[in-house]
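Here's the structure we're looking at; comments come further down.
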Amino acid sequence: MSSNSIKARMISSDEGHHVLHPTGARMNIKVFATETGGVYSLMETVLPPGGEVPRHIHEGEDENNYILEGQLTMQIGEVFHLAGQGSYVVAPRGVQQYFKNDGDSDCRFLTTFTPGGAEGFFREADELIRRLAPERPTPEELLQLQQRYGLSYL
Numbered sequence: 001m002s003s004n005s006i007k008a009r010m011i012s013s014d015e016g017h018h019v020l021h022p023t024g025a026r027m028n029i030k031v032f033a034t035e036t037g038g039v040y041s042l043m044e045t046v047l048p049p050g051g052e053v054p055r056h057i058h059e060g061e062d063e064n065n066y067i068l069e070g071q072l073t074m075q076i077g078e079v080f081h082l083a084g085q086g087s088y089v090v091a092p093r094g095v096q097q098y099f100k101n102d103g104d105s106d107c108r109f110l111t112t113f114t115p116g117g118a119e120g121f122f123r124e125a126d127e128l129i130r131r132l133a134p135e136r137p138t139p140e141e142l143l144q145l146q147q148r149y150g151l152s153y154l
C-alpha cells in the first residue's frame with residue numbers, strides 16, 4: 001500500500017460510526033480498516049461505571065487501548081492492570097483479555113486494532129441488535145458473528 005492511498009482528513013468528536021456493544025458500552029468507530037488498507041482501525045469507547053467487556057480473545061489482531069478518562073481494571077492473560085488516564089495497554093492477539101470499569105464515572109478510551117478489521121464485529125453486532133429490537137440476538141447469532149471475525153467470548 002502506498003502512502004497516497006490513505007486519504008487525509010479530520011474526524012470531529014461527534015463524527016464516526018456510533019454503535020452499541022452487546023454489553024451496553026457506547027462505541028464510535030472513527031477509522032475502519034478499509035480506510036487504512038487494513039493496517040489498523042480506531043474506535044472510541046465509553047464504558048459506564050460497573051460496565052465490563054467479558055473475557056475474550058482476538059485471534060487475528062492486537063488490541064491496543066489508551067485511557068482518556070476514568071480507569072479500567074484490565075486483565076491481559078494472567079496479569080491485572082489498573083489503567084488510569086494516560087495509560088496504554090497492549091493485548092496481543094491470541095491472549096485472553098477482560099475489562100471492567102470499577103470506578104464511579106464513565107471510562108472513555110481509544111482502541112486500535114492492528115491489523116484492522118475487528119471493528120466490523122461491533123458494526124455488525126449493532127446492526128443485529130437494532131434489527132431485532134426489542135428482542136435480543138440469540139447466543140447462536142452472536143456466536144456466528146464472533147466466528148466470522150475470529151473473536152471468542154469466553
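All the letters of the sequence shown, read from the start, carry residue numbers 1 to 154 under UniProt numbering. Glycine included, every Cβ here is placed at the ideal spot set by N, Cα and C. What you are looking at is a predicted structure, and each value in this text was computed from that prediction instead of being measured.
Outcome for residue 156 when other beta-carbon atoms lying within 10 angstroms are tallied against a minimum of 16 = Because the chain here runs from 1 to 154, residue 156 falls outside it and cannot be looked at.
message = Once the 5 residues before and after residue 152 are set aside, which same chain residues still bring their CB inside 8 Å of it?
response = Position 152 of the sequence shown holds residue 152. 56, 57, 59, 146.
task = Return the residue from the list 6, 116, 94 that minimises the CA-CA distance to residue 155.
result = Examination of residue 155 is not possible in this model, given that the chain is present from 1 through 154 alone.
key: Nearest-angstrom Cα separation, counted from residue 61 out to residue 90   = Here the question's residue 90 lines up with position 90 in the sequence shown. Here the question's residue 61 lines up with position 61 in the sequence shown. Rounded to the nearest angstrom, the two C-alpha atoms are 11 Å apart.
Sequence-distant residues of its chain with Cβ nearer than 6 Å to residue 150 (five each side left out) = Taking the sequence shown and counting its residues from 1, one reaches residue 150 at position 150. For residue 150, where only same-chain residues beyond five positions count, the Cβ hits under 6 Å are 59, 60.
message = Taking the alpha carbon of residue 143 as the reference point, which residue from 132, 125, 131 has its own alpha carbon closest?
response = Walking along the sequence shown from the start, residue 143 turns up at place 143. Among 132, 125, 131, the Cα nearest to that of residue 143 belongs to 125.
message = Going by DSSP, what residue range makes up the alpha helix (DSSP H) through residue 129?
response = By one-based count along the sequence shown, residue 129 stands at place 129. From DSSP, the alpha helix (DSSP H) with residue 129 extends over 119 to 132.
Beta-carbon proximity check, residue 76 vs residue 53, cutoff 8 Å = Numbered from its first residue, the sequence shown carries residue 76 at position 76. Numbered from its first residue, the sequence shown carries residue 53 at position 53. Taking 8 Å as the Cβ cut-off, residue 76 and residue 53 do not qualify as a contacting pair.
ask   = According to the Cβ coordinates, are residue 122 and residue 29 closer than 8 Å?
value = For this step, residue 122 is matched to residue 122 along the sequence shown. For this step, residue 29 is matched to residue 29 along the sequence shown. Going by C-beta atoms, residue 122 is nearer than 8 Å to residue 29.
ask   = Does the segment 37 to 49 touch the segment 102 to 109, meaning 3 or more C-beta pairs lie closer than 8 Å?
value = yes
ask   = Where do the N-terminal and C-terminal ends of the beta strand (DSSP E) with residue 42 fall, by residue?
value = Position 42 of the sequence shown, counted from the first residue, corresponds to residue 42. Per DSSP, residue 42 belongs to the beta strand (DSSP E) from 41 to 47.
task = Compute the Euclidean distance between the alpha carbons of residue 70 and residue 26, then round it to the nearest angstrom.
result = Walking along the sequence shown from the start, residue 70 turns up at place 70. Walking along the sequence shown from the start, residue 26 turns up at place 26. Taking the straight line from one Cα to the other gives about 15 Å.
inquiry  = Looking at the secondary structure, which residues open and close the beta strand (DSSP E) in which residue 139 lies?
reply    = On the sequence shown, residue 139 is found 139 positions in, with the first residue counted as 1. That residue, residue 139, is in no beta strand (DSSP E); its alpha helix (DSSP H) goes 139 to 148.
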